[in-house]
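Enquirer: Heads up, the sequence shown is in this note's numbering, so the first residue is 34 and it goes up one at a time. Ideal placement from N, C-alpha and C gives every residue a C-beta, glycine not left out. Take this structure, written in structure tokens, and hold onto it; I'll ask about it next.
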Amino acid sequence: MDPTLGDMDDEEWMQDGGPALIGVGAETDVAGYHEAFRHLEELWDDTVGRARALDPALLHAQVGGEWSFTETLRHLPFATESWVGRGVLQLPAPWHPLSLPWDQMEDSPGIPRDRAVRPSLDEVLALRADRQALVHRALDQVGDTHLDDVCTIPEGSAWPPPGEQLPLRECFNTVINEEWWHRRFAERDLAVLIEREASS
34 MDPTLGDMDD EEWMQDGGPA LIGVGAETDV AGYHEAFRHL EELWDDTVGR ARALDPALLH
94 AQVGGEWSFT ETLRHLPFAT ESWVGRGVLQ LPAPWHPLSL PWDQMEDSPG IPRDRAVRPS
154 LDEVLALRAD RQALVHRALD QVGDTHLDDV CTIPEGSAWP PPGEQLPLRE CFNTVINEEW
214 WHRRFAERDL AVLIEREASS
């Protein structure tokens, strides 16, 4: 973990572009996006491996008021459902009951926000795997020819706002940014939890 990250809050971290940090730019083609997402999946596999070594109860523990490891893994499907599901694939309501929006989002009909549920790590990882596969299917469906097309967010849910127009490439980039930075947050907090468990 980068020792300087502890001096920054999550919002500051996300000002830096995750896509650029893993080589995704304006000229990246579909094959390049597949490669970028596979790289992120491998990084997350390492992070999940570290998490599995902890007492499962600690995966629901928050550090410094931030999301727990499990809550972070629940948020990432929400990001994928938002930008790839509703944006790229035009699905009106792609939400899974375990998906978790950001804390400041206002309650909206049909959008899940169950903060009390305590799913197992394997339950959440199954959802993650399904949504990761959705990204790759969407990339294949879009193809290089349409990667720079603009989509219009459909009716059906309040997020992203219906009628908003977004380049398909931007939708994929947003998910990459979420995946990259939330892993950094998770690594930071796992280090605290590992130390906490070792000293207990």
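Report the option in Glu99, Leu92, Leu91 and Ile186 whose CA atom is closest to the CA atom of Pro127.
Expert: Residue mapping note: residue 127 aligns to position 94 of the sequence shown, counting from 1. Answer by Cα proximity: Ile186.
Enquirer: Based on Cα-Cα distance, which residue from Ser232, Arg85, Leu106 and Glu60 lies nearest to Asp245?
Expert: The shown model of the chain, from 34 to 233, leaves out residue 245, and the question about it has no answer.
Enquirer: In this structure, does DSSP put Leu199 in helix, strand or coil?
Expert: To locate residue 199, count along the sequence shown from 1; it is residue 166. Strand, per DSSP.
Enquirer: Using only CA atoms, which one of Asn206, Gln95, Leu91 and Arg216 lies nearest to Ser153?
Expert: Position 120 of the sequence shown holds residue 153. Of the listed residues, the one whose Cα sits closest to Ser153 is Leu91.
Enquirer: Considering only the beta carbon of each residue, do Val63 and Val117 sit closer than 9 angstroms?
Expert: Reading the sequence shown from its first residue, position 30 is the one you call residue 63. Reading the sequence shown from its first residue, position 84 is the one you call residue 117. It is not a contact, given that the beta carbons lie outside the stated cut-off.
Enquirer: Kindly indicate which three-state DSSP category Thr185 falls into: helix, strand or coil?
Expert: Locating residue 185 in the sequence shown gives position 152, where the first residue counts as 1. DSSP places Thr185 in strand when its eight states are reduced to three.
Enquirer: Among Pro134, Gly143 and Leu109, which has the Cα closest to the Cα of Val208?
Expert: Locating residue 208 in the sequence shown gives position 175, where the first residue counts as 1. That would be Leu109, whose Cα lies nearest to the Cα of Val208.
Enquirer: Since Ser115 and Pro193 are thought to touch, with beta carbons under 8 angstroms apart, how far apart are those beta carbons, to the nearest angstrom?
Expert: The sequence position of residue 115 within the sequence shown is 82, counting from 1. The sequence position of residue 193 within the sequence shown is 160, counting from 1. The Cβ separation is near 6 angstroms, so the contact holds.
Enquirer: Smallest Cα separation from Asp182: which of Gln198, Asp173, Arg170 and Ala191?
Expert: Here residue 182 is taken as the residue at index 149 of the sequence shown, counted from 1. Closest option to Asp182, judged by alpha-carbon separation, among Gln198, Asp173, Arg170 and Ala191: Gln198.
Enquirer: Is Thr61 helix, strand or coil by DSSP?
Expert: For the purposes of this step, residue 61 is identified with residue 28 of the sequence shown, where counting begins at 1. Thr61 falls in the coil class under three-state DSSP.
Enquirer: What are the start and end residues of each continuous alpha helix (DSSP H) run of 4 or more residues lying completely inside the stretch 50–132, in chain order?
Expert: 51–54, 63–85 and 102–113
Enquirer: Rounded to whole angstroms, what is the Cα-Cα separation between Glu188 and Glu75?
Expert: For the purposes of this step, residue 188 is taken as the residue at position 155 of the sequence shown. For the purposes of this step, residue 75 is taken as the residue at position 42 of the sequence shown. For Glu188 and Glu75, the distance between alpha carbons rounds to 35 angstroms.
Enquirer: Should the stretch 129–136 be regarded as contacting the stretch 155–162, the criterion being three or more beta carbon pairs within less than 8 angstroms?
Expert: Counting Cβ pairs under 8 angstroms, three or more are found: they touch.
Enquirer: According to the neighbour-count rule (16 or more other Cβ atoms, all chains shown, within 10 Å of its Cβ), is Glu211 buried or exposed?
Expert: In the sequence shown, counting from the first residue as 1, residue 211 sits at position 178. Classification of Glu211: buried, given that the 10 Å Cβ count is 16 or more.
Enquirer: From Cys184 to Ile144, what does the alpha carbon distance come to, in whole angstroms?
Expert: Position 151 of the sequence shown, counted from the start, is the residue given in the question as residue 184. Position 111 of the sequence shown, counted from the start, is the residue given in the question as residue 144. Cα to Cα, the separation comes out at about 21 angstroms.
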